[in-house]
Amino acid sequence: NFNLSSIAYHDLNIDWTIPSPTSYVNDGMVSDIDTSWSLTELFANWAPAPADPNSGTVAYWYAVGTTFGGNDVIDWTVNGGSTNIHLTGLSLTDQQIYYVSVKAENGADLLSNFICSNGQVAALPVSAQITEKESPVNVFPNPSNGIITIETGAWNEPGLTISIVSPLGKTIVVKDASKTKTDSRYTYDLKSLKLSSGYYIVKLNLNGQSMEIPVNFLKE
């Protein structure tokens, strides 16, 4: 014979198929939000992509744009295996809609089709959204690490309610202001509400009219 060894072989599983994408992308930290009260940061989160049967899901990529699926704000960036992002140091435009798109990557370096959020409006934190009733309302100090004072001005009428609302739209506390004060100044101790740092909404309601003022709470 020619002293030939036996043939060595090894089965290889070659993945030619792109992975399945995530099922949804939410704007915000947890639940989907419509408005982000910041011009310097954005949050987004998404569902884990279905397991890739051939090579597994190894990473996610995200992009941010001013159009659906766009990447004109942040180009496609790898995010490892995490299913959420907190982007800081941004220069966003007040009242502009921003969209977050996500792709899944498998072990063969193949990318899924993108899934895009339905968009979040970046709003100037110190601005007030006023409907119908135009009247100066002051909330100070803003930012605050504890007690805030709300001067309601002409809003101080019977039937006025003042509430504190989370960034996700959950009402944390509400007061019937007309039953607790006779003047136009009210105070809230945000620290006693055991809130996390972030933007919250002071919401005034009076006879079907409303005003929302963002307040930045800085937890010590």
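The sequence shown begins at 56 in the numbering used here and counts up by one.
For glycine and all other residues, C-beta sits at the position ideal for the given N, C-alpha and C.
Model, not experiment: these values are computed from the prediction.
- Within the region 192–256, complete beta strand (DSSP E) segments of at least 3 residues are found at 193–195, 202–206, 216–220, 226–231 and 240–244, given in chain order.
- Put simply, the backbone Cα of residue 97 is about 33 Å away from that of residue 210.
- For the pair residue 214 and residue 262, the CB atoms are nearer than the 7 Å cut-off.
- Three or more beta-carbon pairs separated by less than 8 Å link the region 214–226 to the region 239–248, which places the two stretches in contact.
- Cα atoms of residue 223 and residue 102: separation of roughly 18 Å, rounded to the nearest angstrom.
- Straight-line spacing of the CA atoms in residue 257 and residue 268 works out to 5 Å.
- By the criterion of a C-beta distance shorter than 6 Å, residue 250 is surrounded in its chain by 272, once the five residues flanking it on both sides are discounted.
- Residue 273 carries a coil assignment under DSSP once its states are collapsed to helix, strand and coil.
- Nearest in C-alpha terms to residue 192, of all of 259, 247, 231 and 175, is 259.
- DSSP lists 175 as the bridge partner or partners of residue 153.
- Listed in chain order, the non-local C-beta contacts of residue 110 below 7 Å within the same chain comprise 70, 161, 162 and 163, local neighbours out to five positions each way being set aside.
- Contact check for residue 156 and residue 104: beta-carbon distance about 14 Å, past the 8 Å limit, so the pair fails to qualify.
- Within the same chain, 154 come within 7 Å of residue 125 by CB-CB distance, once the 5 residues on both sides are set aside.
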